[in-house]
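Worksheet for the structure shown next.
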Amino acid sequence: MPVVQFFNTLSREIEGFVPRQEGRVAMYVCGSTVYAPPHLGHARMAVVFDMIRKYFEFAGYDVTFVSNFTDVDDKIIARAQEQGIPAAAVAEKNITIWEENMRRLGVALPDIAPKATAHIPEMLEMIRVLIEKEYAYIVDGDVYFRVDAIPSYGRLSGQKLEDLQVGARVLPGEKKKSPFDFVLWKAAKPGEPSWDSPWGAGRPGWHIECSAMGVHYLGMGFDIHGGGSDLIFPHHENEIAQAEACMQSEPFARYWVHNGLVKLDGEKMAKSTGNFVSVSELLQEHTSQAVRLLVAQTHYRKALDFSSSLIAEAETAVERLGLCRDRLVAAGVGMPASAIQETSLYEEVSADEKAMSAFRAAMENDFATPGAVAALFELVKRANTLLEAQDPDLEALAGAARAISEIDRVLGVVPPAKHSEGDTALLPELMQLLLDVREQARAQRDFDLSDLIRDRLDEVGIIVEDTPQGTRWRARRRQTPGL
RNA sequence: GGCGGCGUAGCCGAGUGGCCCAGGCAGAGGUCUGCAAAACCUUUUACGACGGUUCGAUUCCGUCCGCCGCCUCCA
């Protein structure tokens with residue numbers, strides 16, 4: 000089994016990955032607070048960890064992937080009150096939208112997608128222990144975690160409590176003993192969803208759910224904890240403090256992986272400022288493959304500055320991938336349709352070893368998807384070159400096709416073969432008819448007519464190409480209007 | 001104020017102490033073609049500034065300039 004190396008936020012170094020249990024990866028990725036539909040930032044996070052997960056699977060690991068939904072919090076409650084519906088309904092609706100968006104993005108379902116509200120007992124138990132061990136205190140039905148009880152607090156984010164205090168925004172009238180203490184349990188206010196607890200009715204604070212669910216499903220010391228880099232402080236820091244204090248053992252998670260954020264035309268994408276693109280919006284204009292390619296072309300730890308021209312470029316590149324796949328299928332070396340929905344996929348590859356080893360080397364070097372993409376395009380060029388030959392070497396072609404397919408199981412950027420889907424069964428026959436007519440016109444050098452046919456077909460989205468091997472046609476994948 | 005990141009050819013974006021290369025998009029020329037498209041080939045004096053280390057730095061160190069993120073909810 001290969002040694003995968005990647006950057007561990009905890010050590011700030013690239014480390015060789017040694018799993019807790021030979022051949023297995025237990026990973027937890029912070030999902031979303033479902034008060035609104037996901038935006039591109041969520042999509043990047045999901046796609047990044049989807050590729051990481053699929054690479055581990057490709058490399059032969061047995062992966063357990065947990066990603067949660069935060070389905071109770073202030074914003075959800077606020078939305079519910081605005082709309083005059085129950086908070087649970089807001090959460091439920093957005094979970095459905097999330098799942099639909101992820102499906103369209105080719106993001107595999109987590110093995111477990113726990114909801115916070117379904118794990119209240121685990122959280123209560125954790126809070127109970129924390130109070131008992133005096134890591135937490137009760138004020139008017141709220142329960143707070145005492146940050147200064149943890150000497151190592153700040154290790155993940157490189158923050159020191161003293162330094163933080165300099166710039167801290169201390170709110171007056173706080174019930175907390177220290178501004179960095181954080182809430183484990185919030186006393187219920189009228190009209191809010193609440194659960195019974197030994198400290199009175201209330202609901203959990205944000206951080207406790209991930210500690211409780213992480214420990215519950217994966218156990219202390221699981222392999223990888225991931226999320227957006229904006230979660231490093233304080234969310235992940237707090238998760239660590241709670242879990243390790245409660246369980247009296249460490250570490251909570253052994254490797255921490257954080258993806259960079261998405262910017263929109265140079266500014267941070269954030270719902271609060273209205274500066275964001277929703278996933279639904281994006282997928283209305285663009286293919287999921289283009290979105291995934293866009294994500295894969297930038298290293299996951301760097302900021303990704305989104306713009307309409309970038310996604311348009313990605314769309315063009317995806318078109319190139321799709322054309323190659325179509326030609327391979329037409330050449331009879333059939334590439335299986337993109338397997339981005341599959342999750343179990345380790346197979347010995349013998350196709351184009353050079354590209355495959357470049358792909359592996361890239362992925363095992365801190366999940367360098369840009370290098371993986373380069374390897375993929377090298378294979379496409381190779382396949383296209385082979386296809387140019389009068390009498391293509393089918394064996395070599397099959398090898399290239401196979402390698403492309405293998406890489407794409409992880410990346411999920413090659414569109415499915417055309418012709419095989421959608422449309423009506425009659426279309427190929429009608430097309431043949433039109434092309435036959437056009438061919439006769441051309442034979443008689445009636446180019447006015449032949450061009451008319453081609454132009455009119457182009458208007459309805461069908462592209463006709465004359466090649467040395469004969470005339471072929473294809474449907475245009477997607478219009479790419481400027482955003 | 002504290003912590004962290006980034007600055008690479010027209011654009012996006014990898015990478016490396018010297019040797020021959022990322023990759024994508026765009027542009028130019030060519031092959032093919034009635035034309036076009038696709039594909040392939042070729043091509044466009046890249047490494048923010050200034051010092052230092054070194055036989056040699058875009059790559060290591062320092063300073064500076066510029067941009068950005070986190071420190072409050074946030075993927």
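Taking numbering that gives the first Met the number 0, the leading residue of the first sequence gets 0, the next gets one more, and so forth. For each residue, glycine too, the CB sits at the ideal point set by N, CA and C.
Other residues of its chain near residue i: CB distance less than 7 Å, five sequence neighbours each side excluded
| i | result |
| --- | --- |
| G259 | S228, Y299, R300, K301, A302, L303 |
| S287 | R103, L104, G105 |
| A354 | A374, E377, L378, A402 |
| W198 | I137, G140, V142, W184 |
In DSSP terms, what residue i is bridged to
| i | result |
| --- | --- |
| Y216 | According to DSSP, which records beta bridges pairwise, Y216 is partnered with nothing at all. |
| G225 | V28, V256 |
| G201 | A186, W194 |
| N364 | Q4 |
| K267 | K262 |
| R23 | D61 |
| F181 | F144 |
| K114 | F68 |
Cβ distance (whole Å) where residue i is taken to contact residue j below 8 Å
| i | j | result |
| --- | --- | --- |
| A361 | A371 | 5 Å |
| L129 | V146 | 12 Å between Cβ atoms; not a contact. |
| L155 | I231 | 6 Å |
| L393 | V332 | 6 Å |
| K270 | A35 | 6 Å |
| I119 | A244 | Between A244 and I119 the Cβ distance is about 20 Å, and since that is not below 8 Å, they are no contact. |
| H215 | E121 | 5 Å |
| P178 | L320 | At roughly 51 Å, the Cβ-Cβ gap does not stay under 8 Å, so P178 and L320 are not in contact. |
| A58 | I75 | The Cβ separation is near 38 Å, so there is no contact. |
| I461 | A440 | Not quite, the Cβ-Cβ distance comes to about 17 Å (not below 8 Å), so this is no contact. |
| T69 | S31 | 7 Å |
| F487 | P233 | Any property of residue 487 remains undetermined from this structure, which presents the chain solely from 0 to 482. |
| H116 | V47 | Correcting the residue identity first, residue 116 is Thr in this sequence and not His. T116 to V47, Cβ: 27 Å. No contact. |
| R324 | A395 | In fact, because the Cβ distance is near 17 Å, the residues do not count as touching under 8 Å. |
| A135 | I126 | 6 Å |
| G225 | M26 | 6 Å |
| F16 | F5 | 6 Å |
| E464 | R471 | 6 Å |
The beta strand (DSSP E) enclosing residue i, as first and last residue numbers
| i | result |
| --- | --- |
| T470 | 469-474 |
| Q4 | 4-7 |
| F68 | 61-69 |
| D465 | 461-466 |
| D141 | 141-144 |
| D304 | 303-305 |
| E14 | 12-15 |
Cβ-based burial, residue i [other Cβ within 10 Å; buried from 16]
| i | result |
| --- | --- |
| S196 | buried |
| M219 | buried |
| M44 | buried |
| E236 | buried |
| K176 | exposed |
| A338 | With a pLDDT of 41 at A338, under the threshold of 50, the predicted position of this residue should be treated as unreliable, though the coordinate-derived value follows. Label assigned to A338: buried. |
| T95 | exposed |
| F358 | buried |
| V256 | buried |
| P85 | exposed |
| I207 | buried |
| R11 | exposed |
| Q241 | buried |
| K53 | buried |
| K114 | buried |
| M0 | exposed |
| T384 | exposed |
| L451 | exposed |
Spatial neighbours of residue i in its chain, beta-carbon cut-off 8 Å, leaving aside the 5 residues before and after
| i | result |
| --- | --- |
| F305 | L39, V261, K262, L263, D264, M268, V276, L293 |
| Q296 | A313, T368, P369, V372 |
| S248 | M219, G220 |
Where the alpha helix (DSSP H) through residue i begins and ends
| i | result |
| --- | --- |
| G273 | First-last for G273: undefined, no H or E at that position. |
| K380 | 368-387 |
| M134 | Rather than Met, the amino acid found at residue 134 in this sequence is Tyr. Looking at the DSSP string, Y134 is not in any alpha helix (DSSP H), and its letter there is neither H nor E. |
| F48 | 39-57 |
| Q296 | First-last for Q296: undefined, no H or E at that position. |
| T95 | 86-103 |
| L429 | 426-442 |
| F251 | It is not in any alpha helix (DSSP H) - F251 carries neither H nor E in the DSSP assignment. |
| F232 | No alpha helix (DSSP H) contains F232, which DSSP labels as neither H nor E. |
| V332 | Here V332 belongs to no alpha helix (DSSP H), and DSSP marks it neither H nor E. |
Beta-carbon contacts of residue i that lie in its chain and below 6 Å, excluding the five residues immediately before and after
| i | result |
| --- | --- |
| I51 | F366 |
| S210 | E238, Q241, A242 |
| N67 | G30, P113, M212 |
| A252 | F221, H224 |
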